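Using our numbering, the letters of the sequence shown map in sequence onto residues 2 to 493.
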Amino acid sequence: MGRVVFFFLLFCGLMARSQNPVPDSLMVQMDDYEYVQPPDTMLAMLTDSILDYEEFIYWVRINHPVAEIADLEVELARGELRMSRGGFDPLLYGNYRTKDFKDTEYYDALQAGIEIPTWMGISLQAGYEDNQGAFLNPEATVPQSGLINAGISAQLGAGLLMDDRRAALRQAQIGLEAGENQRQIISNQLYFEATSAYFNWSFASRSLTVAEEALELANVRYLGVKESYFLGDVPAIDTVEAYTQVLTRLFNLRESQNYYIESINLASAYIWSDDGNPVSLPPFVRPIWAGDLSSDGIFVPISIDITHPELLKLLFKGQTLDIDRRLASQYILPKIELKYNFLTENVLPAPPNEFFQNNAFFQENYNFGAKVSFPIFVREARGKLGMTKVKIDMVEREVENKRAQLDAKLASTLVKLENLREQINIFEQNVELFQVLLNGERELFRIGESSLFLINARETKLIESRVKYYELMAKEKILLSEVRTIGGLGFP
Numbered sequence: 002m003g004r005v006v007f008f009f010l011l012f013c014g015l016m017a018r019s020q021n022p023v024p025d026s027l028m029v030q031m032d033d034y035e036y037v038q039p040p041d042t043m044l045a046m047l048t049d050s051i052l053d054y055e056e057f058i059y060w061v062r063i064n065h066p067v068a069e070i071a072d073l074e075v076e077l078a079r080g081e082l083r084m085s086r087g088g089f090d091p092l093l094y095g096n097y098r099t100k101d102f103k104d105t106e107y108y109d110a111l112q113a114g115i116e117i118p119t120w121m122g123i124s125l126q127a128g129y130e131d132n133q134g135a136f137l138n139p140e141a142t143v144p145q146s147g148l149i150n151a152g153i154s155a156q157l158g159a160g161l162l163m164d165d166r167r168a169a170l171r172q173a174q175i176g177l178e179a180g181e182n183q184r185q186i187i188s189n190q191l192y193f194e195a196t197s198a199y200f201n202w203s204f205a206s207r208s209l210t211v212a213e214e215a216l217e218l219a220n221v222r223y224l225g226v227k228e229s230y231f232l233g234d235v236p237a238i239d240t241v242e243a244y245t246q247v248l249t250r251l252f253n254l255r256e257s258q259n260y261y262i263e264s265i266n267l268a269s270a271y272i273w274s275d276d277g278n279p280v281s282l283p284p285f286v287r288p289i290w291a292g293d294l295s296s297d298g299i300f301v302p303i304s305i306d307i308t309h310p311e312l313l314k315l316l317f318k319g320q321t322l323d324i325d326r327r328l329a330s331q332y333i334l335p336k337i338e339l340k341y342n343f344l345t346e347n348v349l350p351a352p353p354n355e356f357f358q359n360n361a362f363f364q365e366n367y368n369f370g371a372k373v374s375f376p377i378f379v380r381e382a383r384g385k386l387g388m389t390k391v392k393i394d395m396v397e398r399e400v401e402n403k404r405a406q407l408d409a410k411l412a413s414t415l416v417k418l419e420n421l422r423e424q425i426n427i428f429e430q431n432v433e434l435f436q437v438l439l440n441g442e443r444e445l446f447r448i449g450e451s452s453l454f455l456i457n458a459r460e461t462k463l464i465e466s467r468v469k470y471y472e473l474m475a476k477e478k479i480l481l482s483e484v485r486t487i488g489g490l491g492f493p
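And the structure:
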């Protein structure tokens with residue numbers, strides 16, 4: 002008797018909800034989702050309420066701050082290259098000194114000139130010197146019209162083949178290539194993360210659609226079962242069974258809506274406007290289904306090439322160290338600095354023909370200097386050279402290890418991709434068969450040979466298999482982008 006009263010009261014409660022079995026208070030209104038208005042250029046792209054993957058990736062590639070940071074890496078390397086080239090800039094110099102005391106001109110000295118460094122390690126020099134005065138240093142005495150000098154200076158020992166200036170320039174040139182390679186590494190990672198966010202959003206969108214359809218089916222069935230009860234065709238307990246399905250699917254819808262909002266927010270994090278402001282995707286915009294995007298034209302690497310960005314990063318490091326090695330090997334040699342200048346008086350007042358006829362400065366008028374130094378044990382230079390060689394060996398081992406790691410990771414990911422595609426084929430058949438079973442169960446229920454419980458069970462299996470199928474399709478696209486990222490390819 003107690004059970005009868007319980008079911009009667011429960012049934013009365015269900016009847017009170019018969020006009021609206023899905024309470025509005027439990028529904029999540031997607032229209033309440035707040036977003037930042039996109040600029041007009043983006044709104045034109047979103048007029049069809051579908052954001053294609055290609056369009057999404059396009060906006061990521063041109064506007065995302067990380068993509069701009071990747072470009073700035075190259076600009077930074079260019080700045081370093083420009084700075085190192087400054088070591089070869091011609092140098093103008095001048096120096097003027099004078100002293101006058103008690104109506105006596107002690108000295109009045111002027112030196113000016115230009116020095117031009119060259120890539121070969123030789124510096125070209127030219128200058129003018131005019132010194133006058135009663136107490137002038139005899140070494141600084143020059144003709145009345147001044148003295149012109151022109152010559153060269155060179156390193157014949159340490160620094161002949163490589164010096165600090167040339168090493169800095171060569172390393173900056175390598176740094177520019179390394180900067181462009183670093184941009185590729187950053188772009189590849191951005192491509193993978195953005196692709197993952199997009200297809201997670203795609204799966205969330207499909208999952209939300211399935212949840213909405215499932216709730217609608219449960220709602221319609223509940224109303225039908227209730228009507229059948231009034232006609233005396235089904236017992237009251239069937240209305241309880243039907244309504245529990247409504248509540249269960251309403252709960253699942255809430256979860257799907259939460260996941261969708263989370264995924265669209267994550268996808269929005271990769272969309273930025275032309276003026277550098279983040280843009281939230283409008284709630285009416287949906288991504289394409291992963292199954293609508295063909296993978297036929299996308300190249301999939303099957304091995305790691307030596308031009309892989311991660312390997313190139315190490316190779317550039319090795320090239321930089323090799324410059325250090327060559328520079329260190331130079332400092333084992335003695336330092337021999339030679340300087341030679343031709344000397345002549347100021348030629349400006351004299352006619353050109355008289356100057357070339359009367360001045361024999363190419364034969365006798367010159368100054369010459371030589372400077373030699375050499376540490377006896379050369380321990381500093383030998384120690385630096387040995388350390389640099391060890392660092393080069395370490396980089397070579399790093400390259401071998403990195404390539405082996407990438408090969409192993411690529412091989413395992415390719416196997417995952419192949420297995421995933423096989424799973425997709427299996428689940429595609431599974432969805433079709435579950436649909437056949439559900440249709441058959443509905444027909445049996447229509448002729449009175451099945452139950453509402455079995456229909457709900459068949460329908461639940463179909464819903465779960467559809468959601469799993471959509472999840473696998475999204476994972477296939479994400480895994481494909483991971484394969485490309487591991488292979489060093491990135492944006493298609």
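Beta carbons are placed, not taken as given, at the ideal position from N, Cα and C, and that holds for glycine.
All values derive from a computational prediction rather than experimental measurement.
Shortest Cα-Cα distance from S269 to any of E483, I58 and L481 involves I58. Close CB contacts of V61 within its chain, under the 6 Å cut and outside five residues either way in sequence, are with A195 and Y271 (chain order). Rounded to the nearest whole angstrom, the C-alpha separation of L254 and T245 is 14 Å.
Counting C-beta atoms within 10 angstroms of its own C-beta, G387 has fewer than 16 neighbours from the protein chains shown and is therefore classed as exposed. Beta-bridge pairing by DSSP links Y367 to F343. A distance of 8 Å or more separates the beta carbons of Q112 and I153. In its chain, beyond the 5 residues on either side, I153, S154 and A155 have a beta carbon closer than 8 Å to the beta carbon of I123.
The segment 293-312 and the segment 482-491 touch, with no fewer than 3 CB-CB distances between them shorter than 8 Å. Residue I337 holds the alpha-carbon nearest to the alpha-carbon of G370 among I337, D394 and G384. When secondary structure is reduced to three states using DSSP, I238 falls in the helix class. By the beta-carbon neighbour count (other beta carbons within 10 angstroms, threshold 16), Y94 is exposed. In this structure, DSSP gives L92 an extended state, which the three-state scheme calls strand. Within its own chain, the residues whose Cβ lies closer than 6 Å to the Cβ of A110, once the five positions on either side in sequence are excluded, are R98 and N132, listed in chain order.
L481 has its alpha-carbon roughly 42 Å from the corresponding atom of R326. Residue pairing by DSSP places T105 opposite F102 in a beta bridge. By the CB criterion at 8 Å, W202 and H65 fall outside the cutoff.
In the structure shown, the three-state DSSP call for S146 is coil. Selection E381, T414 and R287 evaluated against D53 yields R287 as nearest (Cα-Cα). An exposed status is given to L232, since fewer than 16 other beta-carbon atoms sit within 10 Å of its beta-carbon. Excluding the 5 residues flanking it on each side, I186 has same chain C-beta neighbours closer than 6 Å at P310, in chain order.
Cβ neighbours of F428 within its own chain (closer than 8 Å, five residues either side excluded): S466, K469, Y470 and L473. If you check the CB distance, Y108 and L137 come in under 8 Å.
Between the segment 450-461 and the segment 163-180 there are fewer than three inter-stretch CB-CB distances shorter than 8 Å, so the stretches are not counted as touching. Straight-line measurement puts the Cα of T210 at about 21 Å from the Cα of I479.
Rounded to the nearest angstrom, the Cβ distance from G158 to P335 is 4 Å, consistent with a contact under 8 Å. Straight-line spacing of the CA atoms in V247 and P279 works out to 39 Å.
Partner residues in a beta bridge of P335, as assigned by DSSP, do not exist. Between the beta-carbon of L251 and that of I265 there is about 21 Å, and that puts the pair past the 8 Å contact cut. For secondary structure counted as the beta strand (DSSP E) over 3 or more consecutive residues, the segment 138-184 holds these complete runs in sequence order: 148-156.
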